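>
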Amino acid sequence: MKTLLAIVALVGIVGVMGVEVTAQTARPFIWHRVCDIEPGQGVAAAALAREFMAVANRDGSPNNRGGMIAFRSIMVPNNRMHFMQFHPDLGTFQSRREANFASPEFREAFRKTQGVFVGSSCQDSLSQVVP
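According to my numbering, the sequence shown is numbered sequentially starting from 1.
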């Protein structure tokens, strides 16, 4: 029995040593912004969110998709609009951000947020996907 365990252990060690180690692939980043919606502005907030998505998703990336989504929680508090955009790396995050603010369409949509979203309530976060 001890001999059998020793053989199994040796085969396991040799098997593990034969496994090729590969570099971990880069983990994408997620930009997330959440803003309170002004009272009575839910319909306008949804329309503005669609406008932001349309502009951001024409960002010149290889597949012409910026990957921005917008959503409202169905759980309380549900008076907030969430925006998320996925980026393969920090360089892409920065270049998309610069492209958005260079776009007249994006700046116009951003200008329209006054009176729809509570500007001082907006919070941004940048996270990385768990491997």
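Backbone N, C-alpha and C fix where the C-beta goes; we use that ideal spot for every residue, glycine too. No experiment lies behind these values; they were computed from the predicted model shown.
Measuring straight from C-alpha to C-alpha, what distance separates M84 and A70?
M84 and A70 have their C-alpha atoms spaced approximately 6 Å apart.
> So, at 8 Å on beta carbons, what are the nonlocal neighbours of N141 in its own chain, with the 5 sequence-adjacent residues on each side left out?
Examination of residue 141 is not possible in this model, given that the chain is present from 1 through 131 alone.
> Note down, in chain order, each residue of its chain lying with its Cβ closer than 8 Å to the Cβ of R107, except the 5 sequence neighbours on either side.
F101
> Does the beta-carbon distance from P28 to F86 come in below 9 Å?
yes
> Report buried or exposed for T40, applying the criterion of at least 16 other Cβ atoms within 10 angstroms of its Cβ.
The question names Thr, but residue 40 is Gly in the sequence shown. Counting the other CB atoms within 10 Å of its CB gives G40 a total below 16, which places it among the exposed residues.
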